[in-house]
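In the numbering used here, the protein residues as written are 772 to 1440.
Ideal Cβ positions, reconstructed from N, Cα and C, are used throughout, including at glycine.
Keep in mind that this is a model prediction, so the values were computed, not measured.
The block underneath contains the structure these notes are about, expressed in structure tokens.
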């Protein structure tokens, strides 16, 4: 029976509208938060003006941009309401430099009501509304970087806040809160908006003395966003976070205050990442390694929010396209939530800062200034089309066999990055944890490059040993480290521990390969193996790699920091180098036998994804710039059923093009 009370009808309709808005927000959010979904896109400044796009507003040019990007497979854009353009507040000074009031550039005070009371520009808010409607017209979703006070080498701050520490000054915090509540409240009904981002690399806007200050800033922004719009996820927008406990910007703190963590992996700017060519394995795996580090340590979804190749001096167009193609497949296969390129258009002809002094900012676009599409955009379009034709919306999470534990005293990024590449070359996958976090269940635990006298607490060490006694395998490599107990669980006796003279010579046959190399080690542990099996010796016969039974499990000990050493070794993962990953493959051999498909080529990465108990998706990625052919070993009872990308193989000999992938389905017979 229809409701005859108009007031009740209005209330009912209002509740339905609220429900639909919340439901719509949840549907939007799934792209960045539902495991296996993947955002393909770019960061965007208008082609005609770069960071001046809001003060030089040309909607006809912007519409042309969005149409071109949409036609080339771009589904998500990260965009930036430049802070001083949207909140153009100035101080009016009185005698002796005292501040009379906050007002506009023309000296007029802020109005008592409306968006102007919070220092916000009505004109620019209207511009952004028009922009969001254009994005919706071309089916592009927006991640909005709210406090855009840092961009491409320049600090952008409202005049009234110049000279203040933007991250800790109380007055600066007040105006940031006013910006966010006004902007988010005004724009939250725009359906194109996918998520709210704190802003672009806001940890560059000022200095914090400790992680408590960084946490307070993040929590303040997060609270302001959620109070205005609880339906959309909050994206961090940060770069250069750390897994180390005393770092000012910590992964755990951003995870506590946001819904999606972000990485900005550029080889030029990131420590240890620019040693090899852009189209080679270590460089390409940078994004997946860093994004998984953030996501695993933080326990939140993580997105490769910015990446790219910094201009023509870092690689040719063909090589950049190869990098993009391989990185897209790699990030997708490693449970990253998307890949956004930096950026949409070249910015070569602009004569104002930062483009007039930032050497690497001019030619980073997917599209040239004359609207010529670059080869990289062709790869984004192809990958976007590949995702559209998949028989599932979300790739199931990849199979992981191990936990890689990062510890105090070490360079956590160095050790994490190299361990990730070694495991990939060895054929298995792991998740990251920090010592002190609740120890996850796994058949294999890695403690790479332990350093210092207290890498973890004694109770944590004892928990690890309990896992081994119950049947797990533990691997450790040492960088002048000291453990709570050693001789008894390792089944050895350390007779002397002295500073090493010269390099350590390693020689062994591991996982069917002869492995021989020289490396650095700060200390020489002279070891009586006792109950341990010696897998490798120094030239003088001293054991350097041993295996010991402990309860139902095993412990592997390497007496030098393989991971830390390889981090700074140029070309360590190129063809023709020693088979370092054979050490990892040796300890993971029983686990590799449980995979439905394995292959021996160290430059071909393999991830396994369970669609059901009887169907798997296997992603093979050729991380090398040359065509390869590898031989697959398929587990008994399984068979290759088809291909989602690349030709279906007629045999177990698998050809892979340079910097390309093969996505297979396997079914249980």
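Who are the near neighbours of residue 996 in its chain, counting only those whose CB is closer than 7 Å to its CB and skipping five residues on each side? 951, 955, 967 and 1005
Tell me which same chain residues have a C-beta within less than 8 Å of the C-beta of residue 1048, skipping the five on either side of it? 1054, 1086, 1090 and 1396
Coarse secondary structure for residue 799, derived from DSSP in three states: Per-residue confidence for residue 799 stands at a pLDDT of 49, beneath the threshold of 50, marking its modelled position as unreliable; the derived number appears in the next sentence. Helix.
For residue 882, does the count of other Cβ atoms within 10 angstroms reach 16, so buried, or fall short, so exposed? exposed
Taking only three categories from DSSP, how would you classify residue 794? Because residue 794 sits at a pLDDT of 39, beneath the cut-off of 50, its placement in the model cannot be relied upon, and the point is left open.
Inter-residue CB distance, residue 1431 and residue 1169 (contact presumed, cutoff 8 Å): In fact, because the Cβ distance is near 19 Å, the residues do not count as touching under 8 Å.
So, residue 1272 versus residue 1294, is the Cβ gap smaller than 8 Å? no
So, do the stretch 1097 to 1109 and the stretch 1062 to 1080 have three or more beta carbon pairs nearer to each other than 8 Å? yes
Option nearest residue 914 by Cα separation, candidates 894, 958 and 947: 958
State buried or exposed for residue 1164, treating a residue as buried only when at least 16 other CB atoms are found within 10 Å of its CB. exposed
Who are the near neighbours of residue 909 in its chain, counting only those whose CB is closer than 7 Å to its CB and skipping five residues on each side? 837, 838 and 841
Under the assumption that residue 1013 contacts residue 1022 (Cβ atoms under 8 Å), give the Cβ distance between them as a whole number of angstroms. 7 Å
Below 8 Å, can you find three or more Cβ-Cβ pairs linking the stretch 1207 to 1216 to the stretch 1173 to 1188? yes
Ignoring anything shorter than 3 residues or poking outside the stretch 1299 to 1332, list the beta strand (DSSP E) runs there in chain order. 1304 to 1308, 1314 to 1321 and 1324 to 1329
Three-state secondary structure assigned by DSSP to residue 1175: strand
What is the DSSP secondary structure of residue 1446, reduced to helix, strand or coil? Absent from the structure is residue 1446, since the part of the chain shown begins at 772 and ends at 1440.
Which listed residue (903, 1415, 1166 and 1268) has its alpha carbon closest to that of residue 1383: 1166
Does the stretch 876 to 895 touch the stretch 799 to 818, meaning 3 or more C-beta pairs lie closer than 8 Å? no
Nearest to residue 1403 by CA position, among 938, 1437 and 1041, is which residue? 1437
Helix, strand or coil, according to DSSP, for residue 991 in the structure here? helix
Skipping 5 residues on each side, what residues in its chain have a beta carbon closer than 8 Å to that of residue 1241? 1322, 1323 and 1324
To which residues does DSSP link residue 912 through a beta bridge? 847
With C-beta atoms as the reference, is residue 932 less than 8 Å away from residue 921? no
Three-state secondary structure (DSSP) of residue 1425: strand
Mapping DSSP to helix, strand and coil, what is residue 1169? strand
What number of angstroms, rounded off, separates the C-alpha of residue 1424 from the C-alpha of residue 1320? 37 Å
What's the C-alpha gap between residue 1034 and residue 1061? 7 Å
May I ask which residues mark the beginning and end of the alpha helix (DSSP H) holding residue 1094? 1088 to 1104
Euclidean distance between Cα positions of residue 1223 and residue 1015: 14 Å
Comparing alpha-carbon positions, which option in 1291, 1344 and 1378 lies nearest residue 1336? 1291
Of the choices 1343, 1405 and 1244, whose alpha-carbon is the least far from that of residue 1361? 1244
Just mark residue 1365 as buried or exposed, buried being the case when its beta carbon has 16 or more other beta carbons within 10 Å. exposed
Give me the Cα-Cα distance between residue 1427 and residue 1099, rounded to the nearest whole angstrom. 16 Å
DSSP on residue 1435, reduced to helix/strand/coil? strand
Within 8 Å, do at least three Cβ pairs link the stretch 890 to 899 to the stretch 854 to 863? yes
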